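Start counting the sequence shown at 19; every next residue gets the next number (my numbering).
Virtual Cβ for every residue (Gly too), placed ideally from N, Cα, C.
Here the structure is a predicted model, which is why all the values come from computation and not from measurement.
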Amino acid sequence: MTKTELINEMSTALNSTKEAQAAIESLLSTITAALKKGDLVTLTGFGTFKVSKRKAREGRNPRTGEKIKIKAKKVAQFVPGKSLKEAVN
């Protein structure tokens with residue numbers, strides 16, 4: 019499901035596409051801002067968004083086989099909650 023499809027689904031419940039779009043945009047920007055600060059975002063029953071650190075490591079260029087250095091970086095992660103896991107299975 020794409021963001022547009024999600025907005026369309028929510029608009030049926032809210033009876034307004036503009037309200038659905040504003041709600042989704044607000045949710046995503048709030049989660050993004052919290053992750054930028056390094057905070058944990060927990061939606062009970064749904065899951066947790068968090069930032070984790072990847073160490074610098076050595077990789078290989080798949081074309082040449084040459085060794086390359088991959089820099090350390092932060093990555094966003096999502097860990098599904100129990101209710102979401104059960105709903106999917």
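Buried versus exposed call for residue i [16 or more other C-beta atoms within 10 Å across all chains shown]
{"i": "isoleucine 25", "result": "buried"}
{"i": "alanine 105", "result": "exposed"}
{"i": "alanine 38", "result": "buried"}
Selection from the options that minimises the alpha carbon distance to residue i
{"i": "lysine 91", "options": "Ala74, Lys21 and Gly65", "result": "Ala74"}
{"i": "valine 93", "options": "Ser34, Glu76 and Arg72", "result": "Arg72"}
{"i": "valine 97", "options": "Ala40, Val69 and Asn79", "result": "Val69"}
Residue i: first and last residue of the uninterrupted beta strand (DSSP E) it sits in
{"i": "threonine 66", "result": "65–72"}
{"i": "leucine 61", "result": "59–61"}
{"i": "alanine 94", "result": "91–98"}
Proximal residues to residue i (C-beta, below 8 Å), its chain only, five neighbours per side dropped
{"i": "phenylalanine 64", "result": "Pro98, Gly99, Ser101 and Leu102"}
{"i": "threonine 66", "result": "Leu58, Val59, Thr60, Phe96, Val97 and Gly99"}
Chain-order list of residues whose beta-carbon lies under 7 Å from that of residue i (same chain, five-residue window excluded)
{"i": "lysine 85", "result": "Glu76 and Arg78"}
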